[in-house]
Amino acid sequence: MQITEIYKSLQGESTYAGLPCVFVRLTGCNLRCSWCDSEYTFTGGRRMASEDVFNEVVRLSPGRGLVEITGGEPMLQERELVPFTQRLLDAGYKVLMETSGERPLSRVPKGVVKIVDVKCPHSGEPDTFDLGNLHALLPHDEIKFVISDRTDYEFARHFVARHELAGKVNAVLFSPAFRKEAYGTRDASHCLLDPQDLAEWMVTDGVPARLGLQMHKFIWDPATKGV
Ligand code: SF4
2 MQITEIYKSL QGESTYAGLP CVFVRLTGCN LRCSWCDSEY TFTGGRRMAS EDVFNEVVRL
62 SPGRGLVEIT GGEPMLQERE LVPFTQRLLD AGYKVLMETS GERPLSRVPK GVVKIVDVKC
122 PHSGEPDTFD LGNLHALLPH DEIKFVISDR TDYEFARHFV ARHELAGKVN AVLFSPAFRK
182 EAYGTRDASH CLLDPQDLAE WMVTDGVPAR LGLQMHKFIW DPATKGV
């Protein structure tokens with residue numbers, strides 16, 4: 002697999018936020034979201050055998066715990082990734098996989114929790130989610146929308162309602178977009194959309210979603226990598 006980095010930190014997003022987690026960040030992405038904070042994954046990385054990646058996960062978190070497969074877009078390396086995630090599951094790890102859902106997800110092992118980031122209109126990559134992946138969603142999966150303004154919010158709200166997502170997955174997450182060049186202070190001033198506005202819209206509309214903040218950007222400097 003082509004790997005950008007493997008490290009242990011706290012999970013910053015999803016319903017697993019706050020838990021210690023090993024991150025396996027794969028190199029390469031076929032999208033170019035306007036607020037992407039992972040552009041350093043687009044190229045480079047190093048070629049590693051699946052066995053070596055597995056051993057590094059075990060070294061960082063011996064025998065158990067949470068592992069997130071992320072990128073980039075991990076499903077670009079599906080051929081090696083699918084058996085790798087199955088091996089992690091067989092070894093007793095809880096495995097999360099963050100994906101845009103642009104690639105088919107039907108072959109992801111059922112034990113993997115898919116966290117699917119459906120791109121909103123102002124992400125720069127609208128309409129990239131493969132609607133066929135709605136059939137691959139399982140009750141333990143999570144759907145995330147990164148939202149920069151009212152247009153993105155309305156898209157997310159209607160998408161959730163139209164596809165009845167609240168009844169299909171474990172959680173629907175609405176998260177304010179974060180400035181990709183943010184650094185220094187660890188506060189909500191770096192959000193492109195004020196979390197207070199998003200919270201008030203969600204309460205007013207009774208949206209069946211939970212507000213998600215990228216916890217790691219409030220713990221460490223937002224520019225810090227490998228956390
Ligand atoms: S899908 Fe993720 S890694 Fe790829 S450009 Fe968008 S935010 Fe960045």
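Going left to right, the sequence shown walks through residues 2 to 228 as our numbering numbers them.
A virtual CB, placed ideally from N, CA and C, is assigned to each residue, including glycine.
The structure displayed is predicted, hence computed values, not measured ones.
Inset, instruction - State yes or no: is the C-beta of Gly207 nearer than 7 Å to some heavy atom of the ligand SF4? - result: Residue numbering aside, residue 207 sits at position 206 when the sequence shown is read from its first letter. The answer is no for Gly207.
Inset, instruction - Please find out if some non-hydrogen atom of the ligand SF4 comes closer than 7 Å to the beta-carbon of Leu138. - result: If you number the sequence shown from 1, residue 138 lands on position 137. No; taking the cut-off as 7 Å, the Cβ of Leu138 has no heavy atom of the ligand SF4 nearer than that.
Legend entry - Own chain partners of Leu139 with C-beta closer than 7 Å, once the 5 adjacent residues on each side are dropped: Position 138 of the sequence shown, counting from 1, holds the residue named residue 139. The residues are Lys111.
Legend entry - Lys226 in three-state terms, based on DSSP: On the sequence shown, position 225 is the one that residue 226 refers to. When DSSP states are grouped into helix, strand and coil, Lys226 belongs to the coil group.
Legend entry - Sufficient close CB pairs (3 or more, under 8 Å) joining the stretch 158–168 to the stretch 49–61: Contact fails: fewer than three Cβ-Cβ distances are below 8 Å.
Inset, instruction - Give the straight-line distance between the Cα atoms of Asn31 and Glu74, rounded to the nearest whole angstrom. - result: Numbered from 1 along the sequence shown, position 30 holds the residue referred to as residue 31. Numbered from 1 along the sequence shown, position 73 holds the residue referred to as residue 74. About 7 Å.
Inset, instruction - Please check if any C-beta of chain C sits within less than 8 Å of the C-beta of Ala183. - result: Although the question refers to chain C, the structure presented lacks it and comprises just one protein chain.
Inset, instruction - List the endpoints of the continuous beta strand (DSSP E) containing Pro177. - result: Within the sequence shown, residue 177 is the residue found at index 176, counting from 1. Residue range Ala172 to Pro177 is occupied by the beta strand (DSSP E) that includes Pro177.
Legend entry - Beta-carbon proximity of Ser176 to Ser35, cut-off 8 Å: Along the sequence shown, one-based indexing puts residue 176 at 175. Along the sequence shown, one-based indexing puts residue 35 at 34. No, Cβ-Cβ distance for Ser176 and Ser35 is not below 8 Å.
Inset, instruction - Would you please state the rounded distance, in angstroms, between the beta carbons of Val83 and Val68? I believe it to be under 8 Å. - result: Position 82 of the sequence shown, counting from 1, holds the residue named residue 83. Position 67 of the sequence shown, counting from 1, holds the residue named residue 68. Actually they are not in contact, since the Cβ atoms of Val83 and Val68 sit about 15 Å apart, beyond 8 Å.
Inset, instruction - Say yes only if the C-beta of Arg1 is nearer than 7 Å to one or more non-hydrogen atoms of the ligand SF4, and no if none qualify. - result: Residue 1 lies beyond the residue range present for the chain, which begins at 2 and ends at 228; the question has no answer from this structure.
Legend entry - Distance cut-off 7 Å: Cys121 Cβ against heavy atoms of the ligand SF4: As a working note, residue 121 is residue 120 in the sequence shown. Incorrect: Cys121 has no Cβ contact closer than 7 Å to the ligand SF4.
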